Amino acid sequence: PPDTPKDFSCQTQDMKRVTCTWTEGETYLYGENSPRYTLSKTSSQKTVLCKASCSEQHECSCSWDIGQQWIWNVTVTVENPLGKKTATDVFDVNHRMHPTAPFQVWEDCTYTEITLHWNYENNEIELFCQTEVFQPDGKVELHNSSVADPKRVTVRGLQPYTEYTARVRCGAAKHFWKWSDWSQPLTTRTKEGTPSGKLDMWREITPVVGGRNVTLFWKQTPSFQANGKIISYEVTWEKIDDGSKPESISFSSVYNSTRIFLDNHSYRISIVAKNSVNFSLPSILIISGAADNSRRLFCSFLGPEELKEGQVNGTDDGVFISWEPRSIYDSYIIDWCNFPRLQPCDLQWKTFGPNISSAVISSAAFVPGVRYTFCIYGSVANRASLLERKIGYLRELPPHLDPIVRKVDLTYNSVTLFWDSYFTNNSEPGFIRGYHVYVSPVQGNCNLKGSEKHIRSGEPELCKYTIENPEEKRYTVKHLMPNTKYKIVVKAFTGGGETPIVNFRYIDTPSNSNILYFVFLLVIIPILVAAICHWKMEWVKECCCPVIPSPNKSKVLSFKEFKIDSGKVLKINDCLPDVLAVDSNPEAQKL
């Protein structure tokens, strides 16, 4: 059987004809068994008001002329061979007004207002209307018309030279029932107005003979509103210390920089933007003269001894920079080059308030392995002074080259390596933090005292020594084995690490000379002495073990009182002779 018609409701758009709508249910019966709808007065079911029609989306409707009757009680009946259902609606036509959508929407504009006009059918019906305005940022505002003037609404407080989209809908002013459908959207643009705010201006100063070349850059900041189409920029400069006539030059809106020459006097430079209505407020820079410590203007021309310099590190969001705040400045400016290896380098800058002493500088142009220089200025009364310089990387990479080892000193248990100072410049992909010395026997793993283990995939272990002083130019590896072949290499490293180890230097430690000397003393000399003794056997025997000892060589003949001239006298009782011989020479006879 059929379902009861859903959402049964009746309304009028012109106070002449009423349309009732409802949603039919699914019966799964077709052809002659399909549901049949009839709409009639509830008081007289036989009085059929209209014939219903249904769409493929199961939306049904039925319309009839109301004549002079305003109060209605109608019933919709649905039936098929399996049953019948009804739905009833009682209404006053005056309370069921659903106007048609407004048409012929047009506008009048100023630079901050839009007045929308429209028409609608059946002007004899009292309506009030609502306007929906889409802002550029996506926000939506609703504005209602007055009953006294229902065909117009004025939207105020808009931005000059800005595109807005609006549409209108209306409803009965008395006995409101439903809003009409929206009108077709109208897109319009407010007129141009005077530019608001100031341009952001900066400079790059290069000393030349007789003065300075000053390159001026400018850009529109979020606080600057062009309020129209910028036609041109006008740059003016004049000396501060005399009444000379200002000079000026105008540029098309496609330009954002220019170069001018200034002598060594102080200058006041200003720039304004112009649209078809008026000029913006001037942005001003003061360039100090040569007598005002103007070297503090040249970031790239000062050495580390003249300017405080530090290293900065990259983060996930950019390069973090901090500086020492000074209370005398009303703002700080940081400038840098997006492409430091090119000319022009695409100079960029950011301005910060007086209470800020750190910032993260980000740019889509920043790439790993490129050194960036950040110059920090303090500004007071539009006059900027250089304070600090920072150098750093978005992310450091390993160095391009290894140190060149110029000299190797070997002993039997150590090797001393000497290398050249590592040549560093702005093209290096990172700051040299120090050196690693790797050493290992050609055969087998390394296990030297005082070293770290360095494991390479599929390769023998190396001994690793770390030198954290980038100015160091020599290192001694100790505890080597004599008469052994070693491979050795020196690698520089940065915050991004070091390049893979590819080429080794091979060395051979000499034998231990102390051991040879010891062997020489213990073996060679005794053998040599034995050979000599064997060769001079008779002489040695005569000297060491004579058959008849010489009295002059006897230890017992050492008493001073028993001397005659230069000879020594033997006391018979001091020894037991084996043989007694009597000398027959005259001296012995005398004795």
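Mapping of the sequence shown onto full-length UniProt numbering: residues 1 to 591, in sequence order.
We put the CB at the ideal spot given by N, CA and C, even for glycine.
All values reported here derive from a predicted model rather than from experimental measurement.
Going by C-alpha positions, residue 421 is about 15 Å away from residue 437. Contact check for residue 408 and residue 415: beta-carbon distance about 6 Å, within the 8 Å limit, so the pair qualifies. Shown here, residue 126 sits in coil according to DSSP, grouped into three states, outside any helix or strand. Taking C-alpha positions only, residue 143 is separated from residue 185 by approximately 15 Å. Note that the C-beta distance between residue 474 and residue 489 is not below 8 Å. By the Cβ rule, the segment 221 to 239 does not count as touching the segment 163 to 178, because fewer than three pairs are nearer than 8 Å.
The continuous beta strand (DSSP E) containing residue 492 extends over residues 485 to 493. By DSSP's assignment, residue 261 forms a beta bridge with 213.
Three or more Cβ pairs drawn from the segment 268 to 275 and the segment 192 to 200 lie within less than 8 Å of each other, which places the two stretches in contact. DSSP places residue 528 in no beta strand (DSSP E) but in the uninterrupted alpha helix (DSSP H) bounded by 525 to 535. Residue state for residue 307 is assigned as coil, using DSSP reduced to three classes.
At a Cβ-Cβ threshold of 8 Å, residue 52 and residue 30 do not count as neighbours. By alpha-carbon distance to residue 349, the top candidate from 363, 179, 531 is 363. Here the C-alpha atom of residue 26 lies approximately 8 Å from the C-alpha atom of residue 3.
Between the segment 240 to 247 and the segment 147 to 166, the count of Cβ pairs shorter than 8 Å is below three; the stretches do not touch. Annotation: residue 326 is outside any beta strand (DSSP E) and is labelled neither H nor E by DSSP. Looking at the backbone, the Cα of residue 402 and that of residue 501 are separated by about 10 Å. In terms of CA proximity to residue 187, 168 leads the group 200, 371, 96, 168.
DSSP, read as helix, strand or coil, puts residue 95 in helix. Per DSSP, residue 452 is one residue of the beta strand (DSSP E) stretching across 452 to 454.
Comparing C-alpha distances from residue 494 to each of 311, 8, 180, 48 shows the shortest one belongs to 311. Separation of residue 365 and residue 322 (C-alpha to C-alpha, rounded to the nearest whole angstrom) is 21 Å. In the structure shown, the three-state DSSP call for residue 347 is strand. In this structure, 159 is the residue among 241, 170, 159 with its C-alpha nearest to the C-alpha of residue 224. Looking at the DSSP output, residue 358 sits in a beta bridge with 322. Taking all protein chains in view, the Cβ of residue 384 is crowded by 16 or more other Cβ atoms within 10 Å, so the residue is classified as buried.
Residue pairing for residue 466: DSSP places it in a beta bridge opposite 436. In this structure, residue 152 and residue 116 form a Cβ contact; the two beta carbons are roughly 7 Å apart against a cut-off of 8 Å. Sequence-distant Cβ neighbours of residue 122 in its own chain, meaning closer than 6 Å and more than five residues away, are 14. The beta carbon of residue 129 is closer than 6 Å to those of 145, 150, 168, 170 in its chain, skipping five residues each way along the sequence.
In the structure shown, residue 25 adopts coil according to DSSP, grouped into three states.
Within the segment 50 to 77, complete beta strand (DSSP E) segments of at least 3 residues are found at 59 to 65, given in chain order. In the DSSP secondary-structure assignment, residue 496 is not bridged to any residue. Here residue 523 has no same chain residue with a Cβ atom under 8 Å from its own Cβ, once five neighbours each way along the sequence are excluded. Shortest Cα-Cα distance from residue 219 to any of 478, 346, 47 involves 346. Rounded to the nearest whole angstrom, the CA to CA distance from residue 418 to residue 477 is 12 Å.
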